[in-house]
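This report concerns only the one structure given below.
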Amino acid sequence: MKKLLLTILFIVSLTLASYAQGQWEIGLHYATWGTSYFGVDTEDNIPDAFESYSGSLKFDPHGHNYGIEIRFFPGGKHGSFSLGISYERNYFNADISGSYTEGGNTITGAGDIKLTPHSFNLDFRWDIIPRSRIHPYIGFGFGAGPLNGTATLTTVTKNDNTGAMTTQTERLTLREAIKNIEEKNDVNLSFIGVFPIAYMNLGLRGEIVDSIYALGEIAFYDGFIARGGISYRF
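Numbering (this note's numbering), first residue to last: 266 to 499.
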């Protein structure tokens, strides 16, 4: 029993010592993505307004997000593992264009979709060779946010022969947009109740001056995202 108590006391002491030398870090970051590195299936993402188009469709998704994060390094300045919690504001956009011929008339259309959800993320990261002033890191994370974002679809249809033009704008809540996806793809997402996020990242960070760091990374987040940020450790 005495040996067991000493072992427990030793483990607790090491844990407390680890946290005693731990450091906090607060940072800001910005990310962007575009067609060249965003993986999507065009056919799965075209809105109902374009389902009648028999010609080619161009689907151009892009967007950005920014966030603020607080991170804890249990091992202190030269510790490898860290845990971060962040608030993210996301802006998803997609431009759609296409055309088809009907009754001798050429019909062209253009659409614009916007989503603006926000989320809270939990991020696990491991710095590689953290004692080096500039070093790589790897990590993964996940998060969720309330389904209170918005979606806007603007469709412009033009008859190239007569010049007649029709504009239609549809605004949906994010919950309504998810509901449309459920009906169109025969899936059930209602049980989620939140906007889910999961990703893996690989990056490089360096200490600019004492306790101030800059980082750049790519993340696999339904495609590739380029992200940059700055942080302060205390």
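A virtual CB, placed ideally from N, CA and C, is assigned to each residue, including glycine.
- Between the alpha carbons of Ile495 and Gln286 lies a distance of about 22 angstroms.
- Residue burial is scored here from C-beta neighbours: Ile477 has fewer than 16 other C-beta atoms within 10 angstroms and is therefore classed as exposed.
- Phe357 and Leu348 do not touch by the CB rule: their CB atoms are close to 27 angstroms apart, not below 8 angstroms.
- Taking the Cα of Ser345 as reference, the smallest distance to any Cα among Gly404, Tyr295, Asn424 and Leu380 is reached at Gly404.
- Judged by DSSP secondary structure, Pro395 falls outside any beta strand (DSSP E); it is assigned neither H nor E.
- In this structure, the straight-line span from the alpha carbon of Gly493 to that of Leu293 is close to 9 angstroms.
- With respect to Phe489, Tyr464 sits apart: the two C-beta atoms are not nearer than 8 angstroms.
- In the DSSP annotation of this structure, Gly344 is not part of any beta strand (DSSP E), being labelled neither H nor E.
- Between Leu480 and Leu469 a beta carbon distance of about 7 angstroms is seen, short of the 8 angstroms cut, so the two are scored as contacting.
- Relative to the Cα of Glu482, the nearest Cα in the group Phe499, Ser364, Trp298 and Glu441 belongs to Trp298.
- Between Glu353 and His383, the C-beta spacing is below 8 angstroms.
- Excluding sequence positions up to five before and after Arg390, its CB lies within less than 7 angstroms of the CB of Ser347, Gly349, Tyr402 and Gly404, all in the same chain and listed in chain order.
- DSSP lists Ala296 and Glu482 as the bridge partner or partners of Arg492.
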